[in-house]
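Asker: One structure follows; several queries about it will come next.
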Amino acid sequence: MAPKLAVWKFASCDGCQLSLLDCEDELLTLAGEVEIAHFLEASSAVVAGPYDVSLVEGSISTPADAEKIQHVRKASRTLVTIGACATAGGIQALRNYADAEEYRSVVYAKPEYVATLADSTPISAHVPVDFELRGCPIDRHQLLEVISAYLAGRKPGIPNHPVCFECKMRGTVCVMVAHGTPCLGPVTHTGCGAICPAYGRGCYGCFGPATRPNMGSLKTWLGNIGMSRPEVDRAFSTFNVAAFEEQPDDPP
């Protein structure tokens, strides 16, 4: 029997699932090797588990999500989280540092009908995760590598160096050193191919913190090129705010 692949959505924008659909020709090849048993973004047809590999997009933001992820974990031999929402709580984790009840009362006409948790948390805060694939959205080539690796019974070959390494490989001049452009590349996990610096823009931290990032050093650099401390904090308060918030300023 062909291995069963399932794709699940929690609180998210669907962008990472669309990255899988964007694989086009590769997806057709994949579909010939596995049974896509649960992928509501692509088809309403659902095959019951258990599943060999589950890809999970989105953060846990409601009581129903917290219950559902337990069932997904039990039905999955391998569980891979995909994207910033699933790996770090996503941009919706900004509410972790504010009053969620105040937001709910202001945004919704009848907030009493809206069930929500005070925090938006990554999947790993609720169940064991076998692999985390970063990005907002994820890189489709990395996604195919992860799926292929688990179906073949090997470890995914995903690099963990910072974006600066990618800039050097592309021959891209450092935008921060050369032009004083704020850039989160020195502390951000690779995965995008350093697209933004290649076009003269600083990295926005879409792929979350790199392994053992030196946050204090970068914040000092950003201050030296003219950013105030609130501006520096705001620069990290985007797709991976919770993950960057967990990183100490002191060098590892």
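Position in the sequence shown counted from 1, then plus 66, gives you the numbering used here. The beta carbon of each residue, even a glycine, is placed where N, CA and C say it ideally should be. Everything numeric in this text was worked out from a predicted model, so none of it was measured.
1) DSSP on D299, reduced to helix/strand/coil?
2) Tell me, please, which residues DSSP counts as bridged to T187.
3) Whether or not the stretch 68-87 and the stretch 124-139 are in contact is what I'm after, with contact meaning three or more pairs of Cβ atoms, one per stretch, closer than 8 Å; do they touch?
4) Which whole-angstrom value is the C-beta distance of T256 and F273, which I expect to be below 8 Å?
5) Considering only C-alpha positions, which residue in the set N162, V180, K140, L210 is nearest to V100?
6) Which runs of the alpha helix (DSSP H), 4 residues or longer, sit entirely within the stretch 263-317?
7) Which same chain residues end up closer than 8 Å to Y117 when comparing Cβ atoms and leaving out the 5 residues on each side of it in sequence?
8) Apart from the five residues just before and just after Q313, which ones in its own chain have a Cβ nearer than 6 Å to its Cβ?
9) Which partner residues does T256 have in the DSSP bridge list?
10) With H, G and I counted as helix, E and B as strand and the rest as coil, what does DSSP make of L93?
11) Could you check the C-alpha separation between E107 and D316 for me, to the nearest Å?
12) Could you spell out where the beta strand (DSSP E) holding F105 opens and where it closes?
Answerer: Per the coordinate set shown:
1) helix
2) I126
3) yes
4) 7 Å
5) L210
6) If one requires a minimum length of 4 residues, the alpha helix (DSSP H) runs lying completely within the stretch 263-317 are 281-290, 295-301, 307-311, in chain order.
7) Excluding positions up to five away in sequence, the list reads K70, L71, A72, A103, H104, A141, S142, R143.
8) P275, P279, M281
9) Paired residues: none, contrary to the question.
10) helix
11) 42 Å
12) 101-105
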